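Since the structure comes first, as structure tokens, the remarks are kept for the end.
Residue numbers (our numbering): 6 to 369.
Here's what the structure looks like:
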């Protein structure tokens with residue numbers, strides 16, 4: 006399986022993101038907006054002996070590409086998780102659940118086991134509290150700046166994400182051990198979204214618990230709220246349903262980052278938000294689609310079943326090279342529309358397909 010960087014370079018018009026877009030995002034966010042701290046340097050130095058190519062997340066390159074074609078479900082810790090957590094149990098093997106560190110305990114209490122837990126931050130106390138669970142059967146994806154105390158307490162498998170917000174000498178050492186970095190988006194949630202697309206190769210991304218706004222408390226329960234007493238800069242904002250909510254500068258930045266990622270990745274990647282917060286819009290201009298969680302889970306299952314039927318009936322289609330033409334054109338199948346990578350549209354595939362999906366979700 007080729008590294009994703011090589012993959013993107015080879016398929017400039019039909020891949021996940023063209024090379025220039027990758028470089029733009031990496032430069033704009035990882036180098037300009039990330040300010041190194043002594044804590045990041047300190048944690049990275051201690052963690053260096055643990056970092057190897059054998060436990061780099063680059064081992065996951067292309068894992069969700071066809072024929073697996075899994076949908077990535079990214080679970081954050083916003084208030085709507087109270088409403089949607091139980092619905093995650095409807096996911097089957099066509100889905101892979103990633104959760105951020107702050108959502109883990111909430112999911113465990115609901116008897117929901119994520120496939121991957123993503124942690125980016127160097128904070129010791131809050132992160133330790135979030136991840137202090139029976140972790141022997143769980144898989145952690147951690148950046149190199151995560152506290153050694155947190156890593157030592159984790160009993161399950163750990164894979165490392167290269168994070169370059171350190172001084173240059175450490176940057177080089179991390180890169181040599183773990184490989185190329187990915188866009189991080191400023192938090193674990195945005196990192197999970199970018200990682201699912203750029204590394205795992207997921208083409209359907211479902212956002213859960215990602216309102217980026219709240220009424221009184223951002224987290225779904227008080228016991229997982231951060232203990233930092235600093236009051237964030239808050240301001241009022243209108244959500245996609247026209248309701249006035251509260252957000253912060255950080256949350257609003259995360260929203261804008263994911264929306265930019267969705268714009269850059271369209272039409273090859275579909276990002277679907279189920280949270281009904283401030284992510285995306287209910288109009289033709291949005292590259293983030295809005296669906297109720299159970300509905301989109303049902304649609305993905307139906308599309309996956311249809312794809313399996315087509316594979317069984319037309320196995321030769323799935324032996325074609327990736328995007329043999331620059332347009333990445335679709336091929337016609339007897340049971341539905343399939344492109345050369347074996348994708349049955351869940352939310353349309355650009356043009357009329359997207360218009361059809363949008364008119365349906367808006368009640369048209």
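No residue lacks a Cβ here, since even glycine has one placed at the ideal position from N, Cα and C.
Everything numeric in this text was worked out from a predicted model, so none of it was measured.
Between the stretch 73–90 and the stretch 99–108 there are three or more inter-stretch CB-CB distances shorter than 8 angstroms, so the stretches are counted as touching. Rounded to whole angstroms, the gap between the alpha carbons of residue 284 and residue 217 is 7 angstroms.
Classified as exposed, residue 139 has fewer than 16 neighbouring CB atoms from the shown chains inside 10 Å of its CB. Taking C-alpha positions only, residue 169 is separated from residue 319 by approximately 45 angstroms. Residue 259: member of the alpha helix (DSSP H) spanning 254–270, first to last residue.
The distance from the Cβ of residue 155 to that of residue 132 is about 5 angstroms, consistent with a contact at the 8 angstroms cut-off. Residue 44 has its alpha-carbon roughly 21 angstroms from the corresponding atom of residue 57. Here residue 295 carries a strand assignment [DSSP, helix/strand/coil]. Taking 7 angstroms as the cut-off, the Cβ atoms of residue 194 and residue 61 do not count as close.
Less than 7 angstroms divides the Cβ of residue 246 from the Cβ of residue 281.
Considered as a whole, the stretch 118–192 harbours 130–136, 153–158 and 173–183 as its complete alpha helix (DSSP H) runs of no fewer than 4 residues, in chain order. Taking a contact as a CB-CB distance under 8 angstroms, the pair residue 250 and residue 220 counts as one, their CB atoms being some 6 angstroms apart.
By the Cβ criterion, the stretch 290–299 is not in contact with the stretch 253–261, since fewer than three pairs of Cβ atoms, one from each stretch, lie closer than 8 angstroms.
Residue 52 sits close to residue 149, with the two beta carbons spaced by under 7 angstroms. Residues of the same chain with a CB within less than 7 angstroms of the CB of residue 202, apart from the 5 flanking positions on each side, are 21, 210, 270 and 274 in chain order.
Around the beta carbon of residue 54, fewer than 16 other beta carbons sit within 10 angstroms, so the residue counts as exposed. Residue range 239–243 is occupied by the beta strand (DSSP E) that includes residue 243. For secondary structure counted as the beta strand (DSSP E) over 3 or more consecutive residues, the stretch 43–92 holds these complete runs in sequence order: 76–80. DSSP, read as helix, strand or coil, puts residue 212 in strand.
Annotated three-state conformation of residue 107 is helix, per DSSP. In the three-state scheme derived from DSSP, where H, G and I count as helix and E and B as strand, residue 314 is classed as helix. In terms of Cα proximity to residue 92, the closest of 311, 64, 313 and 302 is 302.
Around the beta carbon of residue 126, 16 or more other beta carbons lie within 10 angstroms, which makes this residue buried.
Looking at the backbone, the Cα of residue 200 and that of residue 321 are separated by about 30 angstroms.
Collapsing the DSSP output to three states places residue 102 in a strand. Residue 110 sits buried, since 16 or more C-beta atoms from the chains shown fall within 10 Å of its C-beta. The DSSP-derived three-state label of residue 220 is coil. Going by DSSP, residue 275 is part of the beta strand (DSSP E) stretching over 275–278. For the options 213, 70 and 161, the alpha carbon positioned closest to that of residue 86 is the one of 213.
By alpha-carbon distance to residue 255, the top candidate from 204, 223 and 286 is 223.
Here the alpha carbon of residue 239 sits roughly 48 angstroms from the alpha carbon of residue 313. Comparing alpha-carbon positions, the option among 207, 95, 83 and 96 lying closest to residue 106 turns out to be 83.
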